[in-house]
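Asker: Before we start, here is the structure in question, set down as structure tokens.
In UniProt numbering, the protein residues as written are 1 to 329.
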């Protein structure tokens with residue numbers, strides 16, 4: 001008798017599908033009952049533990065922020081010495097409707113009125129200072145007075161240096177007056193440089209972070225060596241503004257002194273105006289007017305060339321400066 005057939009059993013299940021899937025951790029061995037991790041899971045598998053150990057900075061894979069409107073305008077336009085379109089935007093009447101704009105407009109009007117009055121009354125001012133010029137000429141050791149005045153008006157940077165130069169030319173002539181005026185200029189600029197270097201470095205860095213124009217000039221100075229600060233001193237940029245840039249961007253002291261000394265011929269033009277004014281008092285008006293016209297024309301030509309050179313350097317560095325500012329945001 002044949003034995004009865006054993007009851008049939010279903011085939012054994014060799015694989016179990018779990019839902020939801022359980023992802024294996026790096027500390028457990030993956031078995032057959034565990035679904036593999038998805039390809040972009042944050043939990044690494046055993047096969048790529050070495051790759052998972054490499055840390056990836058989220059900052060590095062983030063998108064670089066877009067440029068601000070000011071940065072976009074600087075990148076799209078060529079740097080010009082006189083941008084009429086930009087000036088029209090700055091002088092638009094809507095800018096002066098706010099409180100800050102109103103105070104800015106009042107300050108600009110007062111400064112323009114002061115300089116216009118000074119230029120219109122220059123001869124009368126010099127005539128009023130004629131006794132003082134005579135005293136300087138006749139008093140021994142009086143040459144230290146304009147030097148001290150130049151140093152004083154450099155803290156903080158004020159205007160009036162040109163008037164001191166005219167008085168030096170009127171009192172001592174071309175070469176002695178130029179020597180005195182040059183000494184006052186170098187000492188005043190040196191004191192201004194050291195003051196900004198010691199007490200305004202942090203403020204200079206903040207200005208470089210906030211003001212794009214300041215950052216562009218600072219980068220040009222860093223890459224320019226001795227030639228750029230010398231040419232910058234011959235440009236329309238005020239010497240006190242350039243001194244602040246030189247000191248806060250880390251320029252070497254000896255390079256600063258060399259640039260200040262090399263650019264001293266610019267001060268000779270101011271002294272010559274004082275000498276020509278003294279000649280006009282003696283009756284040589286035609287020669288005086290010719291000297292003034294020649295000095296003004298030469299100064300303008302040198303200044304325009306210097307400003308075009310600096311603007312070209314700004315165009316070379318502006319893309320790198322703007323990109324660095326975007327990455328820092």
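Where is the CB? At the ideal position from N, CA and C, for every residue including glycine.
1. Since residue 161 is in the alpha helix (DSSP H), which residue starts that stretch and which ends it?
2. Quick check on residue 211: does DSSP put it in helix, strand or coil?
3. For the 8 Å Cβ check, are there 3 or more pairs between the segment 97 to 110 and the segment 234 to 252?
4. So residue 145 and residue 136 are supposed to be a Cβ contact under 8 Å. How far apart are they, rounded?
5. Do you know how far the Cα of residue 207 is from the Cα of residue 142?
6. Look up residue 103 in the DSSP assignment and say whether it is helix, strand or coil.
7. Report yes or no: do three or more beta-carbon pairs, one from the segment 209 to 227 and one from the segment 319 to 326, lie closer than 8 Å?
8. Hey, out of 115, 201, 193, whose CA is closest to residue 253's CA?
9. Anyone know if the C-beta pair for residue 195 and residue 155 falls short of 8 Å?
10. Could you name the residues of the same chain whose beta carbon sits closer than 7 Å to that of residue 226, not counting the 5 residues immediately before and after it, in chain order?
11. Among 276, 237, 317, whose alpha-carbon lies nearest the alpha-carbon of residue 302?
12. If you follow the alpha helix (DSSP H) that residue 234 is part of, which residue opens it and which one closes it?
13. Near residue 316, what residues of its chain come up, given a Cβ to Cβ distance below 7 Å and the 5 sequence neighbours on each side ignored?
14. Which residue's Cα is closest to the Cα of residue 139: 171, 78, 120, 205?
15. Do residue 307 and residue 235 have their CB atoms nearer than 8 Å?
16. So, are the CB atoms of residue 181 and residue 108 less than 8 Å apart?
17. Are there 16 or more other CB atoms within 10 angstroms of the CB of residue 92, so buried, or fewer, so exposed?
18. When you compare only the Cα positions, how much space is there between residue 105 and residue 89?
19. If you draw a straight line from the alpha carbon of residue 178 to that of residue 80, how long is it in whole angstroms?
Answerer: In terms of the structure at hand:
1. 161 to 172
2. coil
3. no
4. 7 Å
5. 40 Å
6. helix
7. yes
8. 193
9. yes
10. 255, 258, 259
11. 237
12. Neither: residue 234 is in no alpha helix (DSSP H) and is coded neither H nor E.
13. none
14. 171
15. yes
16. Between residue 181 and residue 108, the CB-CB gap reaches or exceeds 8 Å.
17. exposed
18. 14 Å
19. Near 33 Å, if we compare the C-alpha coordinates of residue 80 and residue 178.
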